[in-house]
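Input: a single structure, listed below in structure tokens.
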Amino acid sequence: SQIALTASVVFLAVIALVFILFYHFAGFIAAIVMFIYSFLVFGIFWMFGRVFTFSEMAAFLLGIFIAVDALIVILSRIREELLKGKGLVNAYKEGAKQGVRTIIDSNVVLFIMAVVMALFGKFGIKSFAIMTMITEFVTVAVMVFLIRFLLKLFVHTEYFEDKLNLFIRVKEKNIPNVKKNEEPKPNKFYKMQFFKYSKIVIAFSCFVVIVGIIMMGVKGLALGTDYRKGTSITITTEQSITEKEVKEDI
45 SQIALTASVV
55 FLAVIALVFI
65 LFYHFAGFIA
75 AIVMFIYSFL
85 VFGIFWMFGR
95 VFTFSEMAAF
105 LLGIFIAVDA
115 LIVILSRIRE
125 ELLKGKGLVN
135 AYKEGAKQGV
145 RTIIDSNVVL
155 FIMAVVMALF
165 GKFGIKSFAI
175 MTMITEFVTV
185 AVMVFLIRFL
195 LKLFVHTEYF
205 EDKLNLFIRV
215 KEKNIPNVKK
225 NEEPKPNKFY
235 KMQFFKYSKI
245 VIAFSCFVVI
255 VGIIMMGVKG
265 LALGTDYRKG
275 TSITITTEQS
285 ITEKEVKEDI
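Throughout the sequence shown, residue numbering follows this note's numbering, covering 45 to 294 in sequence.
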């Protein structure tokens, strides 16, 4: 609908503003890539003659979040390499390479999940899965190739070599001088002990999985009509009736 389309444009505009605020010129490039990504997703979707429903809208928003995450991964990796004292060209090469690995891994897993949902799901589930597969395909194509191409284009001009704050919001004072054997300045996030409670988290995750498997074995899967053939009909009556009476009436 027109309201959904307007909401999507506003949503993308807000994301673009945040990117520019946090990553400056590189964020501006990321914002352009996000709009291109959205046009490609809608174009491929409409090319197959699909009707845009709530299921497709949910999948599209999920795709936007994944695409934003992919852009943040690449830009953050480049920034991290700069803060280690590397030049812009080398930081771009190393950061982009590391970022692409993460993007491909996560998107392949989600694409496989979408394929399974499309094979076994019905109606809204299948529509959601198809839209998810489209967004994953476009995410890999755009985030792996297009964003790297555009960033490389500006990085190799050498214009931003001494304008890192303008390019990707990295201040010169935070970059160590490798020639003087200066150490990278500590980042507050690096001090956080993310793996301190890893054993507890892993144990809890295993417990939840085991309980889920046991419950599936005992009660089975309660599949709705989205995963089964047929139609679900709810009948409200003033008096209680049995399944046998309903079948006789039908």
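Glycine is no exception: its CB is placed at the ideal position from the N, C-alpha and C atoms. As the structure is a computational prediction, the values presented were derived from the model and not from experiment.
Here G107 is not near S120, since their CB atoms are 9 angstroms or more apart.
The three-state secondary structure of V214, taken from DSSP, is coil.
L132 is positioned such that its CB atom lies no closer than 9 angstroms to that of E180.
In this structure, L127 is the residue among L127, V214, G143, F155 with its C-alpha nearest to the C-alpha of E226.
One thing to note: V112 has its Cβ no nearer than 9 angstroms to the Cβ of L194.
According to the DSSP assignment, E227 belongs to no alpha helix (DSSP H), since it is labelled neither H nor E. A distance below 6 angstroms between beta-carbons, with the five flanking residues on each side excluded, links R123 to the following residues of its chain, in chain order: I212, V214.
The beta carbons of A103 and F79 sit no closer together than 9 angstroms. In this structure A51 is exposed. Its beta-carbon is surrounded by fewer than 16 other beta-carbon atoms within 10 angstroms. Residue burial is scored here from C-beta neighbours: Y241 has fewer than 16 other C-beta atoms within 10 angstroms and is therefore classed as exposed.
F63 and I285 have their C-alpha atoms spaced approximately 59 angstroms apart.
One alpha carbon belongs to T176, the other to V53, and they sit about 19 angstroms apart. CA-to-CA, the gap between G143 and F239 works out to about 21 angstroms. Put simply, of K196, A158, N151 the residue whose alpha carbon is nearest the alpha carbon of A135 is K196. Membership of D113 in the alpha helix (DSSP H) is indicated by the continuous run 98-126. Here I279 carries a coil assignment [DSSP, helix/strand/coil].
Cβ neighbours of L163 within its own chain (closer than 6 angstroms, five residues either side excluded): none. Note on L65: under 16 other CB atoms within 10 angstroms of its CB, so exposed under the neighbour-count rule. Secondary structure note for N134: its alpha helix (DSSP H) is the uninterrupted segment 132-164.
By the neighbour-count criterion, in which a residue is buried when 16 or more other Cβ atoms sit within 10 angstroms of its Cβ, V245 is exposed. Look at N221 here: in three-state DSSP terms it is coil, with no helix or strand label. Burial is judged here by how many other beta carbons sit within 10 angstroms of a residue's own beta carbon; N151 has at least 16 and is buried.
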